[in-house]
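Here's the structure we're looking at; comments come further down.
There are 2 protein chains.
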Amino acid sequence: MTASLPVFADVVAAAARIGPHVVRTPVMRSAAFDARVGREVVFKCENIQTGGAFKYRGAMNTVLQLDPARTPTVITHSSGNHGNALALAARARGMRAIVIIPRDSSRPKIAAIERAGARIEFCDPGLPAREKRLAEVLAHEPAELVHPFDDARIIAGQGTAMLELLTEVPALDVVSTPIGGGGLIAGCALAAKGLVPGIRFVGAEPAMADDACQSFRAGERRQLRTPDTIADGLRGFIGVRNFALLRSHVDDVVTVGESEIVAAMRIVLEDLKLLVEPSSAVAVAAALAGKLGAPGERVGIVLSGGNVDLDACPFLRGERTS
Amino acid sequence: MTASLPVFADVVAAAARIGPHVVRTPVMRSAAFDARVGREVVFKCENIQTGGAFKYRGAMNTVLQLDPARTPTVITHSSGNHGNALALAARARGMRAIVIIPRDSSRPKIAAIERAGARIEFCDPGLPAREKRLAEVLAHEPAELVHPFDDARIIAGQGTAMLELLTEVPALDVVSTPIGGGGLIAGCALAAKGLVPGIRFVGAEPAMADDACQSFRAGERRQLRTPDTIADGLRGFIGVRNFALLRSHVDDVVTVGESEIVAAMRIVLEDLKLLVEPSSAVAVAAALAGKLGAPGERVGIVLSGGNVDLDACPFLRGERTS
Chain A
133 MTASLPVFAD VVAAAARIGP HVVRTPVMRS AAFDARVGRE VVFKCENIQT GGAFKYRGAM
193 NTVLQLDPAR TPTVITHSSG NHGNALALAA RARGMRAIVI IPRDSSRPKI AAIERAGARI
253 EFCDPGLPAR EKRLAEVLAH EPAELVHPFD DARIIAGQGT AMLELLTEVP ALDVVSTPIG
313 GGGLIAGCAL AAKGLVPGIR FVGAEPAMAD DACQSFRAGE RRQLRTPDTI ADGLRGFIGV
373 RNFALLRSHV DDVVTVGESE IVAAMRIVLE DLKLLVEPSS AVAVAAALAG KLGAPGERVG
433 IVLSGGNVDL DACPFLRGER TS
Chain B
133 MTASLPVFAD VVAAAARIGP HVVRTPVMRS AAFDARVGRE VVFKCENIQT GGAFKYRGAM
193 NTVLQLDPAR TPTVITHSSG NHGNALALAA RARGMRAIVI IPRDSSRPKI AAIERAGARI
253 EFCDPGLPAR EKRLAEVLAH EPAELVHPFD DARIIAGQGT AMLELLTEVP ALDVVSTPIG
313 GGGLIAGCAL AAKGLVPGIR FVGAEPAMAD DACQSFRAGE RRQLRTPDTI ADGLRGFIGV
373 RNFALLRSHV DDVVTVGESE IVAAMRIVLE DLKLLVEPSS AVAVAAALAG KLGAPGERVG
433 IVLSGGNVDL DACPFLRGER TS
């Protein structure tokens, strides 16, 4: 495996590069939440980042390293926050973006990526169909592929969220992010261990999509047959670079159940007045289950995004969750 | 009428006094919201203030001017955010708080005030019963009465929210707050006209509880028979000092309907990822209706609070609102 891995200095360089272009999101606390878990918890609010998710950091870090004159077009396949973030970042940089999206993606997601100015190319569902369509498009027009997570520039960019959190609140015992493809956790773990070597880093994953947890325990990447979870951002498998950094920089991976994720979303709304998407609620659910740190310790959580289809959220559409 | 009116300097003094004790809440923007209204709107997020509302500013400004050795106890009658804020501020200052609450108040509100450390004295519903119970309690024990809004210290404290907003974003054309008893609008109007003399200040009120609007137009305080609105924080009547400052410092008062208020709550959740209470959504609804400023102008809104009973919110419990 020769994939180049980013290092702590890449995260620091990314922070300097993207600083003027991203929202320095606030760090929030809630006395009510602290009382629930018997420890002090701070939340880095990437749900209010441009595009509604941390993904804008990595996308911006990537496009800012491209010369629009030589590389006028970027391309990716993502129906979620990365597609939207790359479209917004490309537009801000005066570049074109092409986003390959499965035909069965939700209308609001497609509409958001269109509004962000990207050209959309539809494909059949499933990773092989996505990659086939990608090759077809690239055969006709040159474009820089920007992978959603298995890319050193993306990882370094995502890590700037943790760099900002720990610069503002350095005295944390444990920090946590959710794990999907692993762009966020890989970058944030680099940042955390680089800034505060003694800090503990605990990843959080849905039990219904625990490929990273299984891979972490096994010491090798494992893919599940059918990951399924309400946390739609975490259904993918952890990438090669991401897994390497998970093994070297993360201390533990914990899992939570689906009803815990929904309950955590509601508690964040109630205690912090913040809307977070199910993927973000996964690390919060781990905290509520007592799986992050010990009583009296200080915990930091990255709230990764806030893009929720209000009509599809169980408690927002009125089902009772507990 | 000899009630002492606060002046701009009182707001500045309040900011210095309470600065170390309150949350300097973030100012947020949303490109999606701007696109809806064709103008740039910034939001001062008092929904994440301590206690979940701007009320903590006025309460803290008041208790910090009392000597706990001479005045160990404060008292008020409020089942809402002011009662909670005064309880929290008194506790932070090492003082006792007594809060008189109508028996029919909601359980969550009573529980919150109890958690904040106040002693609760129940009374029958209605202002006369509240004032009777207040007199009874005061006959037995001395305490400093802290009115929810018709008090110069409270007004000056609430104004610090606008002082912070305009210090951070001075180039606004129009600013707005909701109007209940008028503590927020009176203090914020003092702050706005003191800092940026040419700025326009537009108050926002539910059409179902438009006593301030009617009073503003008539030039004298008018009380409605039965104010009724989902914006529970705005059902009271504007106070004496508050009306005097409304007349002298506010340029216009606009009203919005109940369904507009609920729709605005949902839009704030969607665009800003923030939970605001119906009272806060009133000024947002005015913006959405094109009643704040003109296209291309820059608008500032104070999101006054985020204390929502999730089970009682129409769209949160699943009813469709539009």
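Protein chains in written order, with this note's numbering: chain A, 133 to 454; chain B, 133 to 454.
A virtual CB, placed ideally from N, CA and C, is assigned to each residue, including glycine.
Under 8 Å between C-beta atoms of THR182 (chain B) and LEU220 (chain B): In contact: THR182 (chain B) and LEU220 (chain B) (Cβ atoms closer than 8 Å).
Sheet register partners of GLU337 (chain A) (DSSP bridge): DSSP output for GLU337 (chain A) lists A:THR387 as bridge partner(s).
Straight-line Cα distance separating VAL334 (chain B) from ARG452 (chain B): In this prediction, ARG452 (chain B) scores a pLDDT of 40, lower than 50, which makes its location untrustworthy; no coordinate-derived value is stated.
VAL143 (chain A) classed as buried or exposed, judged by whether at least 16 other C-beta atoms fall within 10 angstroms: Buried: at least 16 other Cβ atoms inside 10 Å.
Sequence ranges, beta strand (DSSP E) only - wholly within the region 156-231 of chain A, length at least 3: Considered as a whole, the region 156-231 of chain A harbours 159-161, 172-177, 205-209 as its complete beta strand (DSSP E) runs of no fewer than 3 residues, in chain order.
Cβ-based burial, VAL382 (chain B) [other Cβ within 10 Å; buried from 16]: So VAL382 (chain B) ends up on the buried side.
Straight-line gap, VAL414 (chain A) to ASP343 (chain A) (C-alpha atoms, nearest Å): In a straight line, the C-alpha of VAL414 (chain A) is about 15 Å away from that of ASP343 (chain A).
Where the alpha helix (DSSP H) through PHE254 (chain B) begins and ends: For PHE254 (chain B), there is no enclosing alpha helix (DSSP H); the residue is found in the beta strand (DSSP E) stretching over 251-255.
Listed by chain order, chain A residues near ILE180 (chain B) by CB distance under 9 Å: Contacts between ILE180 (chain B) and chain A, judged by CB atoms closer than 9 Å, involve PRO158, MET160, SER162, LEU404, LYS405, LEU406 in chain order.
Assigned secondary structure, LEU406 (chain A) (DSSP; H/G/I helix, E/B strand, else coil): Here LEU406 (chain A) sits in strand by DSSP.
Cutoff 8 Å; reference GLN355 (chain B); Cβ partners in own chain excluding five residues on either side: Closer than 8 Å at Cβ, skipping near neighbours: ASP343, PHE369.
As assigned by DSSP and simplified to three states, the class of GLU429 (chain A): In the structure shown, GLU429 (chain A) falls within a coil segment according to DSSP collapsed to helix, strand and coil.
ASP166 (chain A) versus PRO338 (chain B): straight-line alpha-carbon distance, rounded: Whole-angstrom Cα-Cα distance: 35 Å.
Through-space distance from ALA261 (chain A) to ALA293 (chain B), alpha-carbon basis: A straight-line Cα-Cα distance of about 53 Å links ALA293 (chain B) and ALA261 (chain A).
Opening and closing residue of the alpha helix (DSSP H) in which VAL307 (chain A) lies: For VAL307 (chain A), there is no enclosing alpha helix (DSSP H); the residue is found in the beta strand (DSSP E) stretching over 306-310.
Neighbour flag for GLY389 (chain A) against chain B, beta carbons, 8 Å: Judged by the 8 Å Cβ criterion, GLY389 (chain A) is not in contact with chain B.
Backbone CA spacing between ILE230 (chain B) and THR205 (chain B) [nearest angstrom]: Rounded to whole angstroms, ILE230 (chain B) to THR205 (chain B) spans 7 Å at the Cα level.
Neighbour flag for LEU401 (chain B) against chain A, beta carbons, 8 Å: Closer than 8 Å: yes.
Nearest-angstrom Cα separation, counted from ILE331 (chain B) out to LYS325 (chain B): Rounded to whole angstroms, the separation of the alpha carbons of ILE331 (chain B) and LYS325 (chain B) is 7 Å.
Cβ pair count under 8 Å reaching 3, the region 378-394 of chain B against the region 405-420 of chain B: Between the region 378-394 of chain B and the region 405-420 of chain B there are three or more inter-stretch CB-CB distances shorter than 8 Å, so the stretches are counted as touching.
Minimum C-alpha distance to ALA288 (chain A) - residue among A:ALA185, A:CYS320, A:HIS214: Check the Cα spacing between ALA288 (chain A) and each of A:ALA185, A:CYS320, A:HIS214: the tightest is with A:CYS320.
Best match in A:THR203, A:ARG202, A:THR208, A:PHE175 for proximity to ALA191 (chain A) [C-alpha to C-alpha]: Checking every option, the nearest Cα to that of ALA191 (chain A) belongs to A:THR208.
Contact set for LYS187 (chain A): own chain, Cβ-Cβ below 6 Å, skip 5 residues either direction: If we look at LYS187 (chain A) and ignore the five residues flanking it on each side, its Cβ neighbours are ASN213, HIS214, ALA217.
Reference GLU409 (chain A), options A:ASP364, A:ILE433, A:ALA376, closest by Cα: Of A:ASP364, A:ILE433, A:ALA376, the residue nearest in Cα terms is A:ASP364.
Exposure of SER412 (chain A), with buried meaning 16 or more beta-carbon neighbours within 10 Å: Residue environment analysis places SER412 (chain A) among the buried positions, since at least 16 neighbouring C-beta atoms fall within 10 angstroms of its C-beta.
Inter-stretch contact (C-beta, 8 Å, three-pair minimum) for the region 168-179 of chain B and the region 429-447 of chain B: Contact annotation: the region 168-179 of chain B touches the region 429-447 of chain B, with at least three C-beta pairs closer than 8 Å.
Member of A:PRO302, A:GLY291, A:LEU327, A:ARG367 whose CA lies at the smallest distance from the CA of ARG149 (chain A): Here the closest residue by C-alpha is A:GLY291.
Contacting residues, own chain, Cβ-Cβ under 7 Å from ALA147 (chain B) (five flanking each side not counted): Correct list, in chain order: THR292, LEU295.
Per-residue contacts from ARG398 (chain B) into chain A (C-beta, under 9 Å): Chain A residues near ARG398 (chain B): LEU442.
Neighbour list for GLY170 (chain A) in chain B, Cβ cutoff strictly below 7 Å: Within 7 Å Cβ-Cβ: nothing; GLY170 (chain A) doesn't reach chain B, min ~15 Å.
Partners in chain C for GLY184 (chain B), counting only beta-carbon separations shorter than 8 Å: Among the protein chains in the structure shown, which are A and B, there is no chain C.
Chain-ordered chain A contacts of GLY438 (chain B) [CB-CB under 8 Å]: Using a Cβ-Cβ cut-off of 8 Å, GLY438 (chain B) is close to LYS405 of chain A, given in chain order.
Same chain, Cβ closer than 7 Å to LEU137 (chain A), five either side skipped, listed in chain order: Sequence-distant partners of LEU137 (chain A) (beyond 5 residues in either direction) whose C-beta falls short of 7 Å from its own C-beta, in its chain, are ALA284, ARG373, ALA376, LEU377.
LEU407 (chain B) to ASP443 (chain A) span [Cα, whole Å]: Rounded to the nearest angstrom, the gap between the Cα atoms of LEU407 (chain B) and ASP443 (chain A) is 16 Å.
ILE311 (chain B) vs ALA336 (chain B) beta-carbon contact at 8 Å: Yes.
The alpha helix (DSSP H) enclosing GLY319 (chain B), as first and last residue numbers: From DSSP, the alpha helix (DSSP H) with GLY319 (chain B) extends over 315-327.
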